[in-house]
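Chemist: Below is a structure I'd like to ask you about.
Numbering (the working numbering), first residue to last: 3 to 799.
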């Protein structure tokens with residue numbers, strides 16, 4: 003990594019002095035007025051189905067059964083029942099679902115002090131084994147595989163028996179003779195072997211590679227086949243082939259983040275590569291890939307379909323592939339891997355099973371969305387607890403139904419651009435401040451992204467007049483954040499904008515890559531819920547999208563940039579300024595000092611084409627004694643924001659600049675519209691002054707807008723299909739400057755008697771969002787009441 007030297011480029015100064023002033027930019031287009039459809043909030047759609055954050059629609063087929071949690075996998079228990087395992091943020095459950103009565107008939111629930119469930123399930127006809135994943139660090143006996151006897155007449159589960167297995171058990175598979183259970187150890191980079199009869203560990207095997215290989219799924223050859231096990235190494239680009247007799251291991255190269263595995267007739271193994279949007283067909287005789295089949299429009303299409311799990315139809319003729327990013331099941335011909343059609347699903351499908359009589363079963367890990375955390379749709383819960391999974395029961399689809407499903411899925415995912423405001427133009431030349439296509443002319447040369455920490459819209463702008471806010475929910479209203487409010491009035495504010503994250507481990511993926519891949523989505527819940535995936539796991543290849551982050555994207559395009567304070571994707575980020583005060587997430591350094599550093603850079607040499615600025619202090623450190631009060635830290639953050647904008651408005655580059663101001667996630671506060679709704683301001687001369695946009699936008703819309711301005715291709719499938727923010731930009735520049743409003747809240751520190759001081763001292767503020775329960779504490783501190791949402795009780799609270 004190279005540290006930027008803060009020096010003035012003489013050649014740039016000479017060029018700036020000698021080049022003639024650019025000709026005025028004259029738009030020939032203007033944005034249409036937003037339609038009612040473009041302004042619908044996330045939630046139930048008036049024509050059926052649901053709108054997800056960002057405006058994509060889901061129309062899950064079949065009957066929807068509420069489960070709860072974050073369901074991850076299922077396994078058949080005879081003809082009548084299926085077992086479903088969980089990987090939720092809160093309490094986790096193993097469920098038995100009765101296909102006849104369409105009800106859950108048995109449940110075993112674990113709090114995090116008791117242990118965990120995760121991905122793996124295996125059934126030998128009598129015993130059910132479930133991967134225990136990892137319990138909370140330092141909690142003996144919580145990393146285990148659980149065994150149950152199953153009554154196939156009623157679906158009842160016998161008493162849970164725990165088999166200790168270190169290293170975070172994930173995938174499970176029985177050998178052909180059902181004598182041995184093979185366990186993939188996700189954080190142990192190995193396998194454990196369990197005697198099924200005695201339920202004892204008989205051996206272990208370390209796999210080649212680093213501890214970040216993350217063995218995930220495992221399957222074993224059927225009776226009469228090879229005496230082998232096959233393991234997906236989720237954190238890389240390989241699968242492992244293990245000879246169960248000799249314990250010899252061979253590695254086969256596939257594509258990035260291999261996840262689901264499926265044995266096919268003819269000695270073949272199908273692999274779902276979740277980051278590469280593809281499946282690989284491995285010839286087990288030669289241990290080579292014979293087919294790599296993309297599931298996107300083309301092999302070089304932006305990534306984000308995210309195929310994760312595989313299943314075979316009863317006749318063996320077709321393969322089901324869960325597409326977590328497209329909210330669909332892809333149905334492929336098992337022989338050619340050609341697409342037969344698709345099945346629309348709920349939000350984030352994680353597993354599918356085609357049953358001979360019950361049809362297609364689909365697990366939707368995020369159900370139909372979250373809704374408001376005020377309980378407008380029922381139970382009032384915090385954002386992390388609102389994501390509640392469902393089971394879809396879909397009648398066996400005909401080929402005509404699959405064709406119709408293909409069209410429906412395409413319409414659902416194309417909806418953001420289909421309903422968003424378009425440009426209307428006069429003449430043949432299409433000129434607008436926000437280009438329609440990368441490379442089209444624009445007067446904007448400098449794009450700045452300011453990322454702050456953890457606020458819902460209502461928590462910080464609920465008191466802003468003329469917008470869809472609730473003043474009674476404004477935790478940090480105008481008295482604490484006068485600059486944010488003044489900037490919203492002077493420039494443009496978006497009151498129907500959504501963060502795509504529930505917390506920062508996802509949030510910073512979205513702000514630096516416009517994607518939170520399946521590895522991130524299936525691990526952050528256990529990082530927060532049980533502390534078993536350390537945050538360091540989120541700086542590995544497993545969480546990094548195949549195409550990298552914005553830094554690598556810009557470097558490939560030859561566009562200059564600077565990174566002030568974002569560590570995500572740092573590998574290969576040659577322009578991270580380590581002289582930036584605090585360098586990375588550091589709430590001990592004042593945000594105004596960071597702002598002054600940036601302002602001095604602006605005054606000295608301007609800014610490159612793209613600038614990322616992290617201002618994290620509105621995260622706060624709770625009421626930790628001796629540390630700044632929450633109001634003091636948020637006021638510091640607010641004044642810092644004003645100082646950066648003031649410096650830009652008074653600089654020579656202002657007329658060619660636009661600033662996007664967001665929070666990385668919506669953890670802090672309640673929101674009456676939807677728990678993911680979060681503030682977004684667009685600031686610049688070419689922005690409509692005093693504009694309130696209620697068009698439905700999200701992080702991908704933000705990135706779609708910024709990549710168009712930078713003249714580069716989309717980062718991911720998400721921004722490739724997102725709506726650009728055309729309605730925010732005007733026809734001519736308004737060059738009014740901005741003057742920072744000094745903080746209205748005095749500098750102050752928390753006394754030892756502060757409400758929540760003892761709780762705050764137990765929280766970890768050294769890393770991004772490692773302080774569970776902070777949002778509830780801040781509400782109690784600020785409002786003097788219990789929060790209007792309910793965080794699901796934990797047995798160690």
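All C-beta atoms in this analysis are idealised placements derived from N, C-alpha and C, irrespective of residue type, glycine included.
Can you give me the C-alpha to C-alpha distance between residue 394 and residue 565, rounded to a whole angstrom?
Modeler: So the two alpha carbons sit approximately 44 Å from each other.
Chemist: Is residue 502 closer than 8 Å to residue 308 when the C-beta atoms are compared?
Modeler: Going by C-beta atoms, residue 308 is not nearer than 8 Å to residue 502.
Chemist: Helix, strand or coil: which one does DSSP assign to residue 61?
Modeler: Residue 61: coil per DSSP, three-state reduction.
Chemist: Short of 7 Å in beta carbon distance, which residues of its chain neighbour residue 2, apart from the five on each side in sequence? Order them along the chain.
Modeler: A question about residue 2 goes unanswered here, because the residues of the chain that appear run from 3 up to 799.
Chemist: Can you name, in chain order, every residue of its own chain whose Cβ lies under 7 Å from the Cβ of residue 58, other than the five neighbours on each side?
Modeler: Excluding residues within five positions, the ones whose Cβ falls inside 7 Å are 414, 415, 417 and 418.
Chemist: Measure the C-alpha to C-alpha separation of residue 183 and residue 271 and round it to an integer number of angstroms.
Modeler: Cα-Cα distance, rounded: 20 Å.
Chemist: Report all residues from its chain with a CB closer than 6 Å to the CB of residue 762; omit the five preceding and five following residues, and keep chain order.
Modeler: 624, 625 and 626.
Chemist: With DSSP run on the structure shown, which of helix, strand or coil describes residue 139?
Modeler: The pLDDT assigned to residue 139 is 47, lower than 50, so where the model puts this residue is not dependable; a value taken from the coordinates is nonetheless given after this. Residue 139 falls in the coil class under three-state DSSP.
Chemist: Does the distance from the C-beta atom of residue 363 to that of residue 84 stay below 8 Å?
Modeler: It is a contact, given that the beta carbons lie within the stated cut-off.
Chemist: Taking all protein chains shown into account, do 16 or more other C-beta atoms lie within 10 angstroms of the C-beta of residue 558, making it buried, or fewer, making it exposed?
Modeler: Classification for residue 558: exposed.
Chemist: In this structure, what does DSSP give as the bridge partners for residue 356?
Modeler: Answer is 362.
Chemist: Which whole-angstrom value is the C-beta distance of residue 87 and residue 121, which I expect to be below 8 Å?
Modeler: Sure, about 7 Å apart at Cβ, within 8 Å.
Chemist: With which residues is residue 120 paired in a DSSP beta bridge?
Modeler: In the DSSP output, where bridge partners are listed per residue, residue 120 has none listed.
Chemist: Bridge partners for residue 242 per DSSP, in chain order?
Modeler: 233 and 253, per the DSSP bridge assignment.
Chemist: Can you give me the Cβ contacts of residue 784 inside the same chain, cut-off strictly under 6 Å, excluding the 5 residues immediately before and after it?
Modeler: These residues qualify, in order along the chain: 477.
Chemist: Closer than 8 Å is the cut-off here; do at least three beta carbon pairs connect the region 315-334 with the region 732-745?
Modeler: No: the two stretches stay apart, fewer than three of their Cβ pairs being nearer than 8 Å.
Chemist: Can you tell me whether residue 649 is buried or exposed, with buried defined as 16 or more other CB within 10 angstroms of its CB?
Modeler: Residue 649 should be labelled buried.
Chemist: Can you list, in chain order, the residues of its chain with a C-beta nearer than 7 Å to that of residue 194? Leave out the 5 residues immediately preceding and following it.
Modeler: Only 167, 185, 187, 203 and 206 meet the Cβ criterion.
Chemist: DSSP three-state label for residue 100, please.
Modeler: Strand, per DSSP.
Chemist: According to DSSP, is residue 618 part of a helix, a strand, or is it coil?
Modeler: Three-state DSSP puts residue 618 in coil, outside helix and strand.
Chemist: Would you mind reading off the limits of the alpha helix (DSSP H) that contains residue 275?
Modeler: Residue 275 -> not in any alpha helix (DSSP H); beta strand (DSSP E) instead, spanning 270-275.
Chemist: Identify which residue in 305, 581 and 287 has its Cα closest to the Cα of residue 280.
Modeler: Per the Cα distances, 305.
Chemist: Kindly list the residues whose CB is nearer than 7 Å to the CB of residue 634, restricted to its own chain and excluding five residues on each side of it in sequence; keep chain order.
Modeler: Same-chain partners within the cutoff: 747, 749 and 750.
Chemist: Going by DSSP, name the residue or residues bridged to residue 290.
Modeler: Paired residue(s): 285.
Chemist: Is it true that the region 683-691 meets the region 467-477, where meeting means three or more beta-carbon pairs spaced less than 8 Å apart?
Modeler: No: fewer than three Cβ pairs fall under 8 Å.
Chemist: When the Cα of residue 698 is compared with those of 422, 439, 437 and 585, which residue comes out closest?
Modeler: It is 422.
Chemist: If we ignore side chains and look at the alpha-carbon of each, how far apart do residue 672 and residue 629 end up?
Modeler: Answer to the nearest angstrom: the Cα atoms are 25 Å apart.
Chemist: Is the distance from the Cβ of residue 725 to the Cβ of residue 703 below 8 Å?
Modeler: Against a cut-off of 8 Å, the Cβ pair of residue 703 and residue 725 comes out as a contact.
Chemist: Whose C-alpha, out of 230, 156 and 158, is nearest the C-alpha of residue 179?
Modeler: For residue 179, the nearest C-alpha among the options comes from 230.
Chemist: With respect to the alpha helix (DSSP H) encompassing residue 692, which residues constitute its N-terminal and C-terminal limits?
Modeler: Neither: residue 692 is in no alpha helix (DSSP H) and is coded neither H nor E.
Chemist: Between the region 102-109 and the region 154-171, can you find at least three pairs of beta-carbon atoms closer than 8 Å?
Modeler: Taking 8 Å as the limit for Cβ pairs, the verdict is that the region 102-109 does touch the region 154-171.
Chemist: Only counting the same chain, and skipping five residues up and downstream in sequence, which positions put a Cβ closer than 7 Å to that of residue 665?
Modeler: Answer for residue 665: 454, 455, 456, 457, 501, 680 and 681, listed in chain order.
Chemist: On the DSSP bridge assignment, give the partners of residue 129 in chain order.
Modeler: DSSP output for residue 129 lists 151 as bridge partner(s).
Chemist: Quick one: grab the DSSP three-state call for residue 540.
Modeler: It is helical.
Chemist: Could you tell me which of 582, 583 and 547 sits nearest to residue 571, measuring between CA atoms?
Modeler: When each option's Cα is compared against that of residue 571, the closest is 547.
Chemist: So, at 6 Å on beta carbons, what are the nonlocal neighbours of residue 93 in its own chain, with the 5 sequence-adjacent residues on each side left out?
Modeler: Excluding positions up to five away in sequence, the list reads 111 and 113.
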